[in-house]
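Heads up, the thing below is written out as structure tokens.
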Amino acid sequence: MKLYMRKFTHQEEKLHTKKNHSVLKNNMVYWSYPPTSREIALTAAVFAIGASLFGAGAYLSFVNVAPQQARAKERSEAMRNYLRKRFGD
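Under full-length UniProt numbering, think of the first position of the sequence shown as 1, with each following residue one higher.
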């Protein structure tokens, strides 16, 4: 579907620009047209995918916390033992 726009006359251009400027100045967001049902569905789907990826990442992080803590504890113990051996008690 192609949209053909006619060119504005100088006065229409001036009025159009002034009108849009005041709309944009007064409102933070200006919708040219309401979203279609397909766009709303696509937005919801992308949001759901993002939320599921976030949830999966949080789950994997939670599952892997114990082994990471064990490795960190082991490293700190090894470092403590090395420093005790090197510099004495």
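A virtual CB, placed ideally from N, CA and C, is assigned to each residue, including glycine.
Inset, instruction - Report the rounded CA-to-CA distance for LEU42 versus PHE54, giving the unit in angstroms. - result: 18 angstroms
Legend entry - Runs of beta strand (DSSP E) wholly within the segment 32-62 (minimum 3 residues, chain order): none
Legend entry - Residue range of the unbroken alpha helix (DSSP H) whose run includes ASN81: 65-87
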